[in-house]
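What follows is a set of notes on a single structure, which appears directly below.
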Amino acid sequence: MLELTASINESYQRSLDLVGDDDPYSGPGFLGIKDVLKAHYLIADHFYAQGSGLGGIGPKSMDLLHSALFRQHISYGGKQKWPTKYDTCATLFYGLIKDHPFHDANKRTAFLSLVYHLETLGLCPTINQKDLENFAVDVADSNLVKFKRYKELANKCADKSDAEVFYIAHFLKKHTRSIDKRFYTVTYRELKSILNRFGYNIQNPQRNFIDLVRIKERRKIFGIFGEKESVDVKVAKIGFPSWTSQVSKGTIRTVRKATQLTHDKGVDSQTFFKDADPISILISRYQEPLRHLADR
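As numbered in the numbering used here, residues 4 to 299 make up the sequence shown, in order.
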């Protein structure tokens, strides 16, 4: 379950109810409608927490949203129209940007969905975030004609939108690489959820610091009798810029050492990070272009 502001969570749950239990679009190599909805509502929550809300929250048209997701699965005579992983990413990205299925934040939702889609495929961009942001704006503004490769594709395609998707796929293939997953990035909100699983917590943020505590149960009377109560035992103090900021490698090392949640104590990285929500993490990593896209 996502940790969202109450009002945003209500809208999110209503959207999920409209989708139902099944997600017809999800599967290996594909994003589901629930993935895209999660991306959208996490963006809404992120900007709400920063004091800049959206012009409207949630889908403007479920039909348009379904149409954007279905693009990944179009086939003719049993042959996929978009057969490669780059094609699949490109056509969904294009649909989310151009169909405007949401009241607001369509470019931001498409951008976040794209980098998440790439990550599920084991890929990450090799260009800087500003260049990727500019590319998203070029797609939204139908400004791909300035690229030589697009002009070549446009001459071969009867449908302009197909040429645009083919060019986006070309761009993604050229500007991505395989991910090195030896280190996992998480936000402070994600770190809190991870630590809670192991009986720890981070709380009491003050002056750019926050307390790392161990949650301990004890008896109320003399520590022997009566009902049990939970008490917090301070373990360490760590830097804290905000809940949506990315936790540095150094801070992760400090936290794992202080809590003894380390490899030599039987808790490897996969075990420690397994509940981290990748879309939440990506919002923190790409918060600058997401912020800029709000005004472009």
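The C-beta atom is built at its ideal place from N, Cα and C for all residues, glycine as well.
Problem - Beta-carbon gap between E122 and P244 smaller than 8 Å - result: Taking the first residue of the sequence shown as 1, we reach residue 122 at position 119. Taking the first residue of the sequence shown as 1, we reach residue 244 at position 241. No, the pair does not count as a contact, with Cβ atoms beyond the cut-off.
Handout entry: Bounding residues of the beta strand (DSSP E) (the contiguous stretch that carries Y203)
Key = Position 200 of the sequence shown, counting from 1, holds the residue named residue 203. Its beta strand (DSSP E) spans residues 203–209.
Exercise for the section: Determine the closest residue to L135 out of S14, E193, A113, with distance taken between C-alpha atoms. Expected result: Residue mapping note: residue 135 aligns to position 132 of the sequence shown, counting from 1. Residue A113 is the option with its Cα nearest to L135.
Practice task
List the DSSP bridge partners of I213.
Solution key: The residue you call residue 213 lines up with position 210 of the sequence shown. BP columns for I213 point to I241.
Handout entry: Presumed contact (8 Å Cβ cut-off) between G242 and F212, rounded CB distance
Key = The residue you call residue 242 lines up with position 239 of the sequence shown. The residue you call residue 212 lines up with position 209 of the sequence shown. 6 Å between Cβ atoms; contact.
Problem - Y44 vs I36 beta-carbon contact at 8 Å - result: Residue 44 sits at position 41 when you count from the first residue of the sequence shown. Residue 36 sits at position 33 when you count from the first residue of the sequence shown. No, these two residues do not count as a Cβ contact at 8 Å.
Practice task
Name the one or two DSSP bridge partners that K82 has.
Solution key: By 1-based counting over the sequence shown, the position of residue 82 is 79. Listed as beta-bridge partners of K82 by DSSP are Y79.
Problem - Beta carbon of T188 nearer than 8 Å to that of W246 - result: Along the sequence shown, one-based indexing puts residue 188 at 185. Along the sequence shown, one-based indexing puts residue 246 at 243. Between T188 and W246, the C-beta gap is not smaller than 8 Å, which leaves the two residues out of contact.
Practice task
Could you please give the first and the last residue of the uninterrupted beta strand (DSSP E) stretch that includes S181?
Solution key: In the sequence shown, counting from the first residue as 1, residue 181 sits at position 178. Unbroken beta strand (DSSP E) run through S181: 179–181.
Exercise for the section: Answer yes if the stretch 64–84 comes into contact with the stretch 98–109, meaning at least three C-beta pairs across the two stretches below 8 Å, and no otherwise. Expected result: yes
Problem - Rounded straight-line distance, which links the Cα of H120 to that of K219 - result: Start at 1 with the first residue of the sequence shown, and residue 219 comes out as number 216. Start at 1 with the first residue of the sequence shown, and residue 120 comes out as number 117. About 40 Å.
Exercise for the section: Tell me whether G30 is buried or exposed, calling it buried when 16 or more other Cβ atoms sit within 10 Å of its Cβ. Expected result: Here residue 30 refers to the residue found at position 27 when the sequence shown is read from its first residue. Per the 10 Å Cβ criterion, exposed.
Exercise for the section: Please state if the CB of V118 and the CB of P128 are separated by a distance shorter than 8 Å. Expected result: Looking up residue 128 in the sequence shown gives position 125. Looking up residue 118 in the sequence shown gives position 115. Cβ distance < 8 Å, so P128 and V118 count as in contact.
Exercise for the section: Measure from the alpha carbon of G283 to the alpha carbon of each residue in K41, T91, F169, then state which is nearest. Expected result: Residue numbering aside, residue 283 sits at position 280 when the sequence shown is read from its first letter. Checking the sequence, you will find Ser at residue 283 rather than Gly. Checked all of K41, T91, F169; the closest Cα to S283 is K41.
Problem - Assigned secondary structure, C160 (DSSP; H/G/I helix, E/B strand, else coil) - result: Counting from one through the sequence shown, the residue named residue 160 turns up at place 157. Correct three-state label for C160: coil.
Practice task
Would you please state the rounded distance, in angstroms, between the beta carbons of K63 and F105? I believe it to be under 8 Å.
Solution key: Translated into the one-based positions of the sequence shown, residue 63 becomes position 60. Translated into the one-based positions of the sequence shown, residue 105 becomes position 102. About 6 Å; that satisfies the 8 Å criterion.
Handout entry: Rounded C-alpha distance that separates L264 from N207
Key = The sequence position of residue 264 within the sequence shown is 261, counting from 1. The sequence position of residue 207 within the sequence shown is 204, counting from 1. Straight-line Cα distance between these residues: approximately 22 Å.
Practice task
Could you round the C-beta distance between S248 and S287 to whole angstroms and report it? I think they count as a contact, below 8 Å.
Solution key: Stepping through the sequence shown from its first residue, residue 248 is reached at position 245. Stepping through the sequence shown from its first residue, residue 287 is reached at position 284. Contact holds; Cβ gap of about 6 Å.
Exercise for the section: Return helix, strand or coil for V250, following the three-state DSSP convention. Expected result: Walking along the sequence shown from the start, residue 250 turns up at place 247. When secondary structure is reduced to three states using DSSP, V250 falls in the coil class, being assigned neither helix nor strand.
Problem - Nearest to Y203 (by Cα), restricted to the options Q209, K159, K237, K176 - result: Locating residue 203 in the sequence shown gives position 200, where the first residue counts as 1. Comparing Cα positions, the closest option is K237.
Exercise for the section: Give the secondary structure of D134 by DSSP, where H, G and I count as helix, E and B as strand, and everything else as coil. Expected result: Numbered from 1 along the sequence shown, position 131 holds the residue referred to as residue 134. Looking at D134 - three-state DSSP - the assignment turns out to be helix.
Problem - When D162, C160, I197, H173 are compared against F150, the one with the closest alpha-carbon - result: Counting from one through the sequence shown, the residue named residue 150 turns up at place 147. Nearest C-alpha to F150: H173.
Exercise for the section: Rank T91, P86, Y51, H266 by C-alpha distance to the C-alpha of A9 and give the top, closest one. Expected result: As a first step, residue 9 is located in the sequence shown; it is residue number 6 there, counting from the start. For A9, the nearest C-alpha among the options comes from Y51.
Problem - Inter-residue Cα distance where the pair is W85 and D26 - result: To locate residue 85, count along the sequence shown from 1; it is residue 82. To locate residue 26, count along the sequence shown from 1; it is residue 23. C-alpha separation (whole angstroms): 20 Å.
Problem - E291 burial status per 10 Å Cβ neighbour count (16 or more: buried) - result: What you label residue 291 is simply residue 288 of the sequence shown in a count that begins at 1. Its Cβ having fewer than 16 others within 10 Å, E291 is exposed.
Exercise for the section: Kindly identify the DSSP beta-bridge partner or partners of T190. Expected result: Here residue 190 corresponds to residue number 187 of the sequence shown, with the count starting at 1. Paired residues: Q249.
Problem - Proximity of Y15 and L21 at Cβ, strictly below 8 Å - result: Reading the sequence shown from its first residue, position 12 is the one you call residue 15. Reading the sequence shown from its first residue, position 18 is the one you call residue 21. Not closer than 8 Å, so no.
Problem - Simplified DSSP assignment, three categories, for G30 - result: Translated into positions along the sequence shown, residue 30 becomes position 27. Residue state, collapsed to three classes: strand.
Exercise for the section: Could you pull the start and end residues of the beta strand (DSSP E) that L126 belongs to? Expected result: On the sequence shown, position 123 is the one that residue 126 refers to. Residue range 126–128 is occupied by the beta strand (DSSP E) that includes L126.
Exercise for the section: Give the straight-line distance between the Cα atoms of G58 and T262, rounded to the nearest whole angstrom. Expected result: Position 55 of the sequence shown, counted from the first residue, corresponds to residue 58. Position 259 of the sequence shown, counted from the first residue, corresponds to residue 262. Between G58 and T262, the C-alpha separation is close to 43 Å.
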